[in-house]
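Numbering (the working numbering), first residue to last: 364 to 447. Only one structure is covered here, and it is reproduced in the block below.
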């Protein structure tokens with residue numbers, strides 16, 4: 364189950380540990396993004412660049428910014444501006 368923490372309209376999703384444990388929560392993230400309200404900002408923390416996740420989010424029409432925070436820590440930021 365996806366653990367989401369809220370900071371106002373920002374949904375913070377940290378899946379680093381799950382991915383490092385061999386899980387693939389990409390589809391859970393996609394479903395969450397689809398169901399989220401317009402105006403939601405997503406801050407997704409992953410242990411690697413996660414290009415398939417970025418590509419999937421971009422296929423929904425989201426612009427994704429990828430920031431390398433540190434070793435094995437990337438932050439993806441995107442905002443839902445319209446229904447998917």
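For each residue, glycine too, the CB sits at the ideal point set by N, CA and C.
Taking every protein chain shown into account, the CB of residue 376 has 16 or more other CB atoms within 10 angstroms, so this residue is buried. Out of 394, 401, 380, 422, the CA that lies nearest to the CA of residue 437 is found in 380. Note on residue 392: 16 or more other CB atoms within 10 angstroms of its CB, so buried under the neighbour-count rule. For residue 397, the CB contacts under 7 Å within the same chain, skipping 5 residues up- and downstream, are 447 in chain order.
Closest in C-alpha terms to residue 431, from the list 372, 404, 409, comes 409. Pairing residue 373 with residue 406 gives a Cβ-Cβ distance under 7 Å. Here residue 425 is buried, its C-beta having at least 16 other C-beta atoms within 10 Å.
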